Amino acid sequence: MKLKGEKQEGSEGTEGAKGKMTLSLALVALISAFGSSFQYGYNVSVINSPAPYMQDFYNRTYLDRTGVPMDSNFQTLLWSLTVSMFPLGGLFGSLMVWPLVNNCGRKGTLLINNLFSIAAAILMGTSELAKTFEVIILSRVVMGVFAGLASNVVPMFLGEMSPKNLRGAIGVVPQLFITIGILAAQILGLNSILGNAKGWPVLLGLTGIPSLLQLLTLPFFPESPRYLLIQKGNEEQARRALQRLRGWEDVDDEIEEMYQEDRSEKEEGQFSVLSLCTFRGLRWQLISIIVMMMGQQLSGVNAVFYYADRIFESAGVDSSSIQYVTVSIGAINVVMTLLAVFIVESLGRRILLLAGFVLCSASCAVLTLALNLQTTISWMSYLSIACVIIYIIGHAIGPSPIPAVMITEMFLQSSRPAAFMVGGSVHWLSNFTVGLLFLYMEAGLGPYSFLIFCAICLSTMIYIFFIVPETKNKTFMEINKIMAKRNKVEIQEDKELKDSFPLGKREEKEALSSTEM
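Heads up, the final residue of the sequence shown is numbered 517 in UniProt numbering, and it's a clean run with no missing numbers.
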């Protein structure tokens, strides 16, 4: 990895040599994504297929206890709680990111987090035997806390470990495993497998297995080198971790780049959420992640998944086959996210975000038209199926995976945990809001509710087009320089850098080259 002043000189030639995918890096990405991100996806969709059997269990349990059947309004309330407690837990989990990653490290936080998941899995798996539905609702909160931490800590952990030319691809891996988790829950939730009266407790309890595997394997892998060096001040451990992750001995360039980052932000110290929100030098980064996270969730992705079944039904798909159609949509989601892993480094982050939001807004607009006309024009129902598929393709290549990569890249070590805490809280709050309001929107507006999502996608796209820079293949310091310009703090930052680098010609040249930019 080259320092910013040297980037022009022969960085192309060394790029291939300097950032290869090693076995250690691949394994740590797979273990942390499977042990954490996979379960976020799994628990998003796991209660969809066994819903009628679970509601029946709620009813039976209540009848056994009180001798009277459950009031239908009370049952609706309990089921709404079962569904909505997950994103609410996610919000609580996001609020725990900053204290945990700063005190326990990135790897340490992931290991502690597994305890939440294993506890919730045991409680959910035994809820039917214990004849208690309250435990399921409580476990959904606990699972939400797990997912809230996982959705923020995994991208941060992997982003800090990756060489700059693989950071985007490795950063998309957590989202890939979220989609694999959704697909796994859809397949296991088929009526013929576990989505039935006997199988649903097993279906809910399976979520503990990935956590157990992560708890047993992750301790053998290194902590984030940036955390070890910049926050713990332990160069020896950071060097050993880097050597293991990169597969060679000479990691001086990266160590030096970390020291440079450390010196440039020494004056600010560790950012809390409050100081992050009031610090002028990070203003546009903060606004950008809030806009991207809101755009990701408020673009209607959950609504499209929710609507998909009915869209297919109106197109004449047999109701017993609809669950297989849902699985095929889940599969499209996985394939397109996998594609994003391979194209994010060549096309860049901006293009994928812009293309994704364009596809989403166009398909929402056409979907509104198709849903309104499908009673009068027979082939319109097929057009609405096409819109759902195009929407899911658009969301999977950009809006789903890229925002978390951008949070890692747009912030330096001292502000990154607070930034993930803000981004994560916005993500889960928006998720919760859509879940809460969509049923009312749909009742009041019908198909026209998709026009609101279309407008949100368009406005997010316009913001990204004008404000968000391309970050591929740049060091964290280079990205910081681009954003410093936008925040109008460039001169002060350059002066600070010059003052803090009395180390010789190489640094002097870098400071000069950056003022000439």
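The beta-carbon is built from N, C-alpha and C at its ideal position, and this holds for glycine as well. Keep in mind the model is a prediction, meaning the values are calculated, not measured.
Closest in C-alpha terms to Met-293, from the list Asp-56, Ile-456, Gly-35 and Arg-60, comes Ile-456. Distance between Tyr-42 and Leu-63, taken at the CA atoms: about 31 Å. Taking C-beta atoms under 8 Å as the contact rule, Ala-308 and Thr-326 qualify, at a distance of about 7 Å.
Annotation for Pro-417: the continuous alpha helix (DSSP H) segment containing it runs 416-445. DSSP places Thr-179 in the helix class (H, G or I) of the three-state scheme. In the structure shown, Ile-170 adopts helical secondary structure according to DSSP, grouped into three states. For Met-406, the closest of Asp-56, Thr-475 and Ala-386 by C-alpha to C-alpha distance is Thr-475. Under the three-state reduction of DSSP output, Trp-248 falls in the coil class, being neither helix nor strand. A contact is defined here as three or more CB-CB pairs under 8 Å, and the stretch 362-381 fails this definition with respect to the stretch 476-486. Per DSSP, Asp-56 is one residue of the alpha helix (DSSP H) stretching across 51-66.
In the pairwise beta carbon analysis, the stretch 323-341 is classified as touching the stretch 187-201: at least three pairs are separated by under 8 Å. With a cutoff of 7 Å on beta-carbon distance, Leu-183 and Gly-316 are scored as not near each other.
Per DSSP, reduced to three states, the secondary structure at Trp-379 is coil, with no helix or strand assignment.
Close CB contacts of Gly-348 within its chain, under the 7 Å cut and outside five residues either way in sequence, are with Glu-470 and Lys-472 (chain order). Apart from the 5 residues on each side of it in sequence, Ile-180 sits with its Cβ closer than 8 Å to the Cβ of Phe-38, Gly-41 and Val-334 in its chain, given in chain order. Judged by DSSP secondary structure, Asn-113 falls within the alpha helix (DSSP H) whose first and last residues are 97-125. Counting the other Cβ atoms within 10 Å of the Cβ of Ala-33 gives 16 or more, which makes it buried.
With at least 16 other beta carbons inside 10 angstroms of its own, Ser-94 counts as buried. With fewer than three CB-CB distances shorter than 8 Å, the stretch 218-233 does not count as touching the stretch 375-392.
The continuous alpha helix (DSSP H) containing Tyr-306 extends over residues 301-314. For Phe-271, no alpha helix (DSSP H) segment is defined, and its DSSP state is neither H nor E. Contact check for Thr-207 against Ala-121 passes: the beta carbons are separated by less than 7 Å.
With respect to the 7 Å criterion, Pro-417 and Val-28 are not classified as neighbours on the basis of their beta carbons.
In this structure, DSSP gives Pro-403 a helical state, which the three-state scheme calls helix. With respect to Pro-201, Gly-125 sits close: the two C-beta atoms are nearer than 7 Å. If the five residues before and after Leu-78 are omitted, its C-beta is found closer than 6 Å to the C-beta atoms of Tyr-58, all from its own chain and listed in chain order. Cβ atoms of Ala-169 and Val-422 stay farther apart than 8 Å, at about 25 Å. Non-local beta-carbon contacts of Leu-81 in its own chain, meaning distances under 6 Å to residues more than five positions away in sequence, involve Ile-137 in chain order.
Residue nearest to Ile-351 within the set Lys-20, Phe-465, Ala-51 and Thr-278 is Phe-465 (criterion: CA-CA distance).
With 16 or more other Cβ atoms inside 10 Å of its own Cβ, Lys-107 counts as buried. For Asn-114, the closest alpha carbon among the candidates Asn-73, Glu-128, Phe-157 and Ser-36 is that of Ser-36. Here Asp-318 carries a coil assignment [DSSP, helix/strand/coil]. Judged by DSSP secondary structure, Glu-223 falls outside any alpha helix (DSSP H); it is assigned neither H nor E.
It is roughly 25 Å from the alpha-carbon of Leu-203 to the alpha-carbon of Ser-400. Excluding sequence positions up to five before and after Leu-383, its CB lies within less than 6 Å of the CB of Ala-370, all in the same chain and listed in chain order. Cβ-Cβ distances below 8 Å link Ser-272 to Trp-98 and Ala-418 in the same chain, with the five nearest sequence neighbours on each side left out; the list follows chain order.
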